[in-house]
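The sequence shown begins at 1 in full-length UniProt numbering and counts up one residue at a time.
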Amino acid sequence: QQGLLVPELTTEENVALAAMLAGGGRAQARVAAVDLLTKLGLGDKLQCRIGELSGGQAQRVAIARSQVTGAPITFADEPTGALDTTTAHEVMALLLALIPQQGKTLVIVTHDPQVAQRCSRIIHLRDGQIVEEARPADQPAAHATAPGSTETA
């Protein structure tokens with residue numbers, strides 16, 4: 001929903017700060033920040049403050065910040081909620097490519113059925129309870145299960 005980026009810091013500093021808070025040294029954190037931001041198409045925005053970025057660019061800074069710590073799981077709460085359709089598509093493509101490619105888990109919370117359909121597994125909640133679980137038709141199960149068995153989260 002909101003990246004909660006620090007507006008007084010540059011994009012590079014926002015990402016490097018997360019790495020330093022996770023225990024990385026300053027030089028190592030800056031290198032990691034530049035690497036991730038460049039991979040996300042923001043290599044030319046390293047010294048920009050957050051207010052100078054578009055919504056999609058700020059969202060990519062938030063994605064970089066979430067990945068620089070090396071956490072095995074990323075939780076994305078409405079990652080496309082405040083974005084136009086084109087930018088939302090780009091952000092989802094980044095999330096769905098970057099995180100699983102690193103062998104990490106991505107959990108997305110969304111009310112947007114189009115976003116949900118791009119995920120490998122959909123779990124519907126109502127009043128804090130799982131009411132339905134599905135896989136989009138074009139997404140095979142990540143782990144094979146025995147016939148008649150089910151997966152739950």
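In this text, a Cβ means the ideal position worked out from N, Cα and C, and glycines have one as well.
Being a predicted model, the structure only gives us computed values, none of them experimental.
Quiz item: Using 8 Å as the threshold, is the stretch 126-133 in touch with the stretch 84-104, meaning 3 or more CB pairs across them?
Solution: Because the criterion of three Cβ pairs below 8 Å is not met, the stretch 126-133 and the stretch 84-104 do not touch.
Quiz item: For L106, which option in I122, D112, G41 has the closest C-alpha, if you only look at C-alpha atoms?
Solution: Here the question's residue 106 lines up with position 106 in the sequence shown. Here the closest residue by C-alpha is I122.
Quiz prompt | Proximity below 8 Å, CB of R65 to CB of V109 | solution = To locate residue 65, count along the sequence shown from 1; it is residue 65. To locate residue 109, count along the sequence shown from 1; it is residue 109. No, the Cβ-Cβ distance between R65 and V109 is not below 8 Å.
Quiz item: Between V68 and the rest of its own chain, which residues show a CB-CB distance below 7 Å, the 5 nearest in sequence each way excluded?
Solution: Here the question's residue 68 lines up with position 68 in the sequence shown. Only V15, A18, A19, A32, A33, L36 meet the Cβ criterion.
Self-check item: Per-residue burial, residue 231 [other beta carbons within 10 Å of its own, 16 or more giving buried]
Solution: Absent from the model: residue 231. The displayed extent of the chain is 1 to 153, so no value can be given.
Exercise. Give the secondary structure of R65 by DSSP, where H, G and I count as helix, E and B as strand, and everything else as coil.
Key: Taking the first residue of the sequence shown as 1, we reach residue 65 at position 65. R65 falls in the helix class under three-state DSSP.
Quiz item: For A76, which beta-bridge partners are listed by DSSP?
Solution: Taking the sequence shown and counting its residues from 1, one reaches residue 76 at position 76. BP columns for A76 point to I108.
Practice problem: Run the CB neighbour count on E8, radius 10 Å, all protein chains shown included, and call it buried at 16 or more, exposed below. | Solution: As a working note, residue 8 is residue 8 in the sequence shown. E8 is exposed by the Cβ-count criterion.
Quiz prompt | Whole-angstrom distance between G128 and T10, CA atom to CA atom | solution = Translated into the one-based positions of the sequence shown, residue 10 becomes position 10. Translated into the one-based positions of the sequence shown, residue 128 becomes position 128. When rounded, the distance between both Cα atoms is 38 Å.
Quiz item: Does the Cβ of I63 have 16 or more other Cβ atoms within 10 Å, making it buried, or fewer, making it exposed?
Solution: The residue labelled residue 63 in the question sits at position 63 within the sequence shown. Burial call: buried.
Self-check item: Local conformation of A19 per DSSP, three classes
Solution: Within the sequence shown, numbered from 1, the residue matching residue 19 stands at position 19. Of the three classes helix, strand and coil, the one that applies to A19 here is helix, per DSSP.
Self-check item: Chain-order list of residues whose beta-carbon lies under 7 Å from that of S149 (same chain, five-residue window excluded)
Solution: Counting from one through the sequence shown, the residue named residue 149 turns up at place 149. Only weak support is given to the placement of S149: the predicted model assigns it a pLDDT of 28, under 50, and the question is left unresolved by the model.
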